[in-house]
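Protein chains in written order, with our numbering: chain A, 1 to 366; chain B, 367 to 732.
In structure tokens form, the structure reads like this:
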């Protein structure tokens with residue numbers, strides 16, 4: 001049966017062929033560059049895609065939150081997990097120690113206060129922890145500035161015997177904020193250069209730095225051209241989305257995840273309502289295109305507004321034959337938070353529903 | 367123990383005293399106006415708040431989706447449910463018929479095509495269904511125009527013997543799009559007037575119209591002043607939020623739901639990161655105030671940006687003593703989609719955690 005008849009809507013449908021191609025491509029790229037691939041779990045939050053990433057050569061996985069790490073650890077797919085975020089507070093430190101019983105963990109750190117919490121927890125548990133210093137290469141989110149890296153590393157070496165500084169990381173998310181490919185390249189290379197310089201400085205001061213890690217799908221094929229970068233952490237590449245494909249190198253045909261939605265109202269010739277609103281698509285904008293998603297069957301129709309359970313479509317004349325009950329496929333603006341809104345992904349092969357994948361880390365923001 | 371020490375973050379905390387006051391106030395208002403109160407389930411999605419609404423005098427409940435209706439029906443709290451949305455497609459019609467075995471249902475309709483689907487399903491099941499015509503009073507989302515109501519009603523009466531037209535509804539959400547209270551009032555009254563006129567016209571043509579239903583929390587105390595409106599469907603009032611309190615009549619002290627978050631990084635004197643990002647707060651804007659939420663302890667600090675698991679705070683000098691590990695309370699811009707991102711609400715009474723409420727309809731967008 002055609003999956004569109006089998007599935008009730010809205011439903012998040014993953015097209016296996018596209019997914020496999022995307023996963024393989026990044027695995028091949030990392031191998032060709034001699035880089036370690038540690039993809040981000042946050043995009044898909046499923047054991048099944050994680051397994052495909054492992055088969056493509058991934059040496060471990062990256063998580064945004066401890067709760068994500070607990071979810072993927074429980075599957076046994078990866079036993080080497082990097083939490084690319086600060087672990088702060090007594091409750092989380094307890095959970096961190098418990099999780100270390102199951103898997104190899106490494107954790108980001110960007111402050112002496114944060115490091116001290118880790119140190120105290122490790123000392124109490126009689127354990128040691130590999131830490132990765134988070135570096136702000138221009139995004140201005142978390143992370144220490146490049147010239148502060150050595151100071152933080154030395155504080156940990158001097159005062160925190162249970163922490164091992166093994167590397168540095170950055171999230172060069174700022175590189176993807178431009179629509180200009182030359183600017184994307186320049187910003188990515190700048191981030192890579194800053195990272196390699198910081199790693200060299202640490203090595204000159206006696207630190208054994210084995211990991212110089214960069215992340216962000218839009219910059220994935222750019223930052224990694226800098227000699228000395230050792231690890232990449234792309235996330236969105238498995239599904240791609242309406243924000244990513246603005247870069248011109250990928251199009252809708254590379255987007256593996258589409259939301260199947262139903263037209264529920266046709267109150268005016270140029271207006272249609274679908275049953276996917278902000279509780280499915282999220283209100284995130286796309287930088288390259290107006291509207292809240294790309295409609296595969298009607299690329300010229302725009303999702304002009306969302307309420308919680310309604311998507312409002314503005315229809316050009318060419319789309320005005322759209323009918324109540326018709327199903328359409330939507331590529332979301334940002335696939336990661338969309339996946340986080342659902343419990344299941346529906347895998348389609350050759351137009352048929354073949355598997356249902358639980359989103360095991362949905363809502364695991366703790 | 368102080369709930370802030372007991373809870374890991376981010377956590378959605380409901381303050382019982384404020385919630386009870388909000389619920390009671392709307393119940394009292396509806397009673398004072400002689401209106402039937404049919405509050406919206408979508409805001410809280412919990413059996414517990416639904417029960418409080420029933421105790422406050424609610425005669426039934428409103429749901430946005432069939433999946434929400436199934437969830438609240440299963441609790442037994444309400445046996446009278448209005449799905450204020452179009453039910454389109456074979457899968458949903460099957461579920462609708464099944465749900466009618468459990469509870470009294472009424473359903474919105476805004477097209478002959480949609481009505482025909484309901485008619486066919488009811489005829490096949492040998493049942494009849496109460497339908498409410500959705501009217502577009504200016505929001506321009508779903509719904510027929512006021513002068514199309516009679517035509518749709520007559521089509522159903524003539525051709526669809528298993529459907530009973532018992533009322534009309536509108537969602538005057540457009541009224542809340544202004545920051546001006548006089549404009550809010552004028553738009554609300556206009557919507558109410560259109561509804562009452564449409565109901566009168568139906569009655570003149572022999573329809574027994576018992577329900578003239580309006581909805582939207584910002585307009586709740588305005589539209590209901592129109593003589594002839596019989597039912598109100600407010601939702602957000604139970605928790606209130608950073609979009610609602612722009613109207614001046616309510617402030618942060620009336621917001622029952624706050625997100626407890628932890629400061630995780632302090633990379634610059636004027637910048638802090640918290641562990642609540644778009645996967646907790648959503649990227650919805652507030653119309654009256656910049657930023658992605660109102661920080662109770664630091665009202666002058668702004669949440670200037672969100673990534674999925676980070677909130678980026680811009681700190682004025684008065685807030686620069688904020689420390690890593692500190693916990694803050696955030697009133698979200700729009701509470702309904704925030705609740706939809708979590709599995710549990712934490713009920714606090716006198717500063718202590720007293721109950722955990724499952725969000726039983728989280729993600730029920732089908």
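Ideal Cβ positions, reconstructed from N, Cα and C, are used throughout, including at glycine.
- Message: Between the alpha carbons of residue 143/A and residue 17/A, how many angstroms are there, rounded?
- Response: For residue 143/A and residue 17/A, the distance between alpha carbons rounds to 37 Å.
- Tell me the DSSP bridge mates of residue 135/A? 144/A
- Would you kindly report the start and end of the unbroken beta strand (DSSP E) that includes residue 573/B? Counting along the chain, residue 573/B falls outside any beta strand (DSSP E), and DSSP gives it neither H nor E.
- Message: Using C-beta distances below 6 Å, list every residue in its chain close to residue 664/B, excluding the 5 sequence neighbours before and after it, in chain order.
- Response: The residues 685, in chain order, have a CB closer than 6 Å to that of residue 664/B in the same chain once the five nearest residues on each side in sequence are set aside.
- Message: My output table needs one value for residue 496/B: the three-state DSSP class, helix, strand or coil.
- Response: strand
- Is the Cβ of residue 696/B closer than 8 Å to any Cβ of chain A? no
- Message: According to DSSP, residue 298/A sits in a beta bridge with which residue or residues?
- Response: Note: residue 298/A sits in no beta bridge, so no partner.
- Item | Nearest candidate by alpha-carbon position, reference residue 151/A, set 122/A, 109/A, 182/A | Each of 122/A, 109/A, 182/A was checked against the Cα of residue 151/A, and the nearest Cα belongs to 109/A.
- Message: Please report the straight-line C-alpha distance between residue 102/A and residue 533/B, rounded to a whole angstrom.
- Response: 59 Å
- Task: Select from 610/B, 531/B, 428/B, 501/B the residue whose C-alpha is nearest the C-alpha of residue 563/B.
- Result: 501/B
- For residue 579/B, is the classification buried or exposed, using 16 other Cβ atoms within 10 angstroms of its Cβ as the cut-off for buried? By the neighbour-count rule (16 or more Cβ atoms within 10 Å), residue 579/B is buried.
- Item | Per-residue contacts from residue 286/A into chain B (C-beta, under 7 Å) | Going along chain B, no residue has its Cβ under 7 Å from residue 286/A, so there is no contact; the nearest lies around 12 Å.
- Item | Completely contained beta strand (DSSP E) runs for the segment 425-454 of chain B, where each covers 3 or more residues | You should have 427-429, 446-449.
- In this structure, does DSSP put residue 215/A in helix, strand or coil? Strand, per DSSP.
- Which residues, taken in chain order from the segment 264-293 of chain A, show a beta carbon closer than 9 Å to some beta carbon of chain B? 264, 265, 266, 267, 268, 271, 273, 275, 276, 277, 278, 279, 280, 282, 283, 284, 285
- Under 7 Å from the C-beta of residue 676/B: neighbouring residues of chain A: 141, 142
- Hey, is residue 390/A's beta-carbon within less than 8 Å of any beta-carbon in chain B? Residue 390/A lies beyond the stretch modelled for chain A, which goes from 1 to 366, so this question has no answer here.
- Does the beta-carbon distance from residue 600/B to residue 586/B come in below 8 Å? In this structure, residue 600/B sits near residue 586/B, with a CB-CB distance shorter than 8 Å.
- Report the three-state DSSP secondary structure of residue 202/A (helix, strand or coil). helix
- Task: Under 7 Å between beta-carbons, which chain B residues line up against residue 324/A? List them in chain order, please.
- Result: Result: 454, 477, 479, 480.
- Item | Neighbouring residues, chain A, relative to residue 458/B (Cβ below 7 Å) | 8
- If you compare alpha carbons, which of 69/A, 352/A, 37/A, 28/A is closest to residue 47/A? 69/A
- Query: Taking the beta strand (DSSP E) that residue 43/A falls in, what are its first and last residues?
  - Reply: Where residue 43/A is concerned, there is no enclosing beta strand (DSSP E), given that its DSSP letter is neither H nor E.
- Message: Taking CB distances under 8 Å as the criterion, tell me whether residue 307/A reaches chain B.
- Response: yes
- Query: Less than 8 Å separating the beta-carbons of residue 9/A and residue 279/A?
  - Reply: For the 8 Å CB-CB criterion, residue 9/A and residue 279/A do not form a contact.
- Going by the beta-carbon positions, is the gap between residue 638/B and residue 631/B smaller than 8 Å? yes
- Query: According to DSSP, is residue 172/A helix, strand or coil?
  - Reply: Per DSSP, reduced to three states, the secondary structure at residue 172/A is coil, with no helix or strand assignment.
- Beta-ladder partner(s) of residue 36/A, from DSSP: Residue 36/A is bridged by DSSP to 231/A.
- Mind checking if residue 699/B is an interface residue toward chain D, Cβ cutoff 8 Å exclusive? Protein chains A and B are contained in the structure displayed, whereas chain D is not.
- Task: Tell me, please, whether the CB atom of residue 536/B is closer than 8 Å to any CB atom in chain A?
- Result: Taking CB atoms only, residue 536/B has no neighbour in chain A less than 8 Å away.
- Task: Starting from the Cα of residue 690/B, find the closest Cα among 302/A, 126/A, 113/A, 330/A and give me that residue.
- Result: The shortest C-alpha separation from residue 690/B is found at 113/A.
- Query: Mind checking whether residue 334/A and residue 187/A have CB atoms under 8 Å apart?
  - Reply: Pairing residue 334/A with residue 187/A gives a Cβ-Cβ distance that is not under 8 Å.
- Query: Checking contacts by CB at 8 Å: is residue 365/A closer than that to chain B?
  - Reply: yes
- Task: Give the residues of chain B in contact with residue 62/A, contact being defined as C-beta atoms less than 8 Å apart.
- Result: Result: empty, since nearest Cβ-Cβ is about 12 Å, beyond 8 Å.
- Task: Give the interface partners of residue 628/B over in chain A, defined as CB-CB distance under 8 Å, in chain order.
- Result: 88, 89
- Query: How many angstroms separate the CA atom of residue 129/A from the CA atom of residue 122/A?
  - Reply: C-alpha separation (whole angstroms): 7 Å.
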